[in-house]
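Working notes for the structure below.
Residue numbers (this note's numbering), protein chains in the order written: chain A, 1 to 113; chain B, 1 to 113.
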């Protein structure tokens, strides 16, 4: 158990809908990262938050947004969902600063039908 | 050229073999190097974490970094069927509080009993 908790584990929704994925980082970790993993693309970095502030942005679509709350948990919001958004979404956390190793949650499997 | 290149395999070896997994990268700013193991549909699990060039050993696993060649390796000795998984290399540049990991696409390993 990495100590990173993601909910829900599975999500099935229709095209055009909006969903929210939740992540609780390991105790003491200030950085939260979101990654998307699909079969043909590997792990794609979406966005990073550090102590409540956005720190880095990757290949995140405009339909997607995220935030990190004062208690350090994070949410990833996906809207106007398309079939191609079906993927595993992982949250990872790290201490932050110069310590870069990240610990991953078990992921949320999103299926858009 | 992708930032991180990793042969996707699949790689199939007999039980007890020595396994060599490799990644090359193009960004000379990378200084932190990691190997993750991912079982099917599970979150990536951190195996090894190294900083800059050199070797690091942990049990049956040895990580090597050659920054001059922009090449990293993971060796698994006495491989076991339980080692069957996808192995992902990851790396990041030194940047205070702003260190998203860049991943290879992963190598799928099967260890045959």
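Using N, Cα and C, we set each Cβ at its ideal position, and we do this for glycine too.
Because the structure is a prediction, the values reported are computed rather than measured.
Output the distance between the C-alpha atoms of residue i and residue j, rounded to the nearest integer angstrom.
i: residue 113/A; j: residue 78/B; result: 44 Å
i: residue 103/A; j: residue 80/B; result: 24 Å
i: residue 64/B; j: residue 16/A; result: 46 Å
i: residue 23/B; j: residue 54/B; result: 15 Å
i: residue 69/B; j: residue 25/B; result: 9 Å
i: residue 66/A; j: residue 101/B; result: 18 Å
i: residue 6/A; j: residue 24/A; result: 6 Å
i: residue 13/B; j: residue 70/A; result: 48 Å
i: residue 17/B; j: residue 110/B; result: 11 Å
i: residue 75/A; j: residue 15/B; result: 42 Å
i: residue 49/B; j: residue 94/A; result: 13 Å
i: residue 58/B; j: residue 61/A; result: 39 Å
i: residue 54/A; j: residue 32/A; result: 10 Å
i: residue 117/A; j: residue 60/B; result: Because residue 117/A is not part of the residues shown, which for chain A are 1 to 113, the question remains open.
i: residue 107/A; j: residue 37/A; result: 9 Å
i: residue 88/B; j: residue 36/B; result: 5 Å
i: residue 91/B; j: residue 81/A; result: 31 Å
i: residue 93/B; j: residue 31/B; result: 5 Å
Could you name the residues of chain A that residue i contacts, counting a contact when the two beta carbons are closer than 9 Å?
i: residue 16/B; result: Correct list: empty, because the minimum Cβ distance to chain A is about 29 Å.
i: residue 106/B; result: 42, 43
i: residue 88/B; result: 42, 43
Could you confirm whether any beta carbon from chain E is found closer than 7 Å to the beta carbon of residue i?
i: residue 108/A; result: The chain inventory of the structure shown lacks chain E, comprising the protein chains A and B.
Using a Cβ cut-off of 7 Å, pull out every chain A residue sitting near residue i, in sequence order please.
i: residue 103/B; result: 42, 43
i: residue 28/B; result: The contacting residues do not exist; residue 28/B stays about 17 Å from chain A at best.
For chain B, is any of its Cβ atoms less than 7 Å away from the one on residue i?
i: residue 5/A; result: no
i: residue 105/A; result: yes
i: residue 90/A; result: yes
Using the beta-carbon of each residue, which ones in chain B are nearer than 8 Å to residue i?
i: residue 101/A; result: 32, 34, 46, 49
Taking the alpha carbon of residue i as the reference point, which residue from the options has its own alpha carbon closest?
i: residue 14/A; options: 70/A, 93/A, 107/A, 85/A; result: 85/A
i: residue 27/B; options: 4/B, 108/B, 12/B; result: 4/B
i: residue 46/B; options: 31/B, 20/B, 74/B, 29/B; result: 74/B
i: residue 51/A; options: 77/A, 27/A, 88/A; result: 27/A
i: residue 10/A; options: 83/B, 42/B, 11/B; result: 42/B
With 7 Å set as the bound, which would you pick, yes or no: does the beta-carbon of residue i sit closer than that to a beta-carbon of chain A?
i: residue 100/B; result: yes
i: residue 92/B; result: yes
Give the interface partners of residue i over in chain B, defined as CB-CB distance under 9 Å, in chain order.
i: residue 74/A; result: Ordered by position in chain B, no residue passes the 9 Å Cβ test against residue 74/A, which lies about 14 Å from the chain.
What does residue i reach in chain A if we use C-beta pairs closer than 8 Å?
i: residue 84/B; result: None at all; the shortest Cβ gap to chain A is about 18 Å.
At a CB-CB cut-off below 7 Å, which residues of chain B make contact with residue i?
i: residue 27/A; result: Simply none; closest approach about 17 Å.
i: residue 38/A; result: Residues of chain B passing the Cβ test: none, with the nearest at roughly 11 Å.
Contacting positions in the stretch 47-59 of chain A - beta carbon closer than 7 Å to chain B: 48, 50, 55, 56, 58
Residues, ordered as in the chain, of the stretch 42-53 of chain B that lie near chain A by beta-carbon distance below 8 Å: 42, 43, 44, 45, 46, 49
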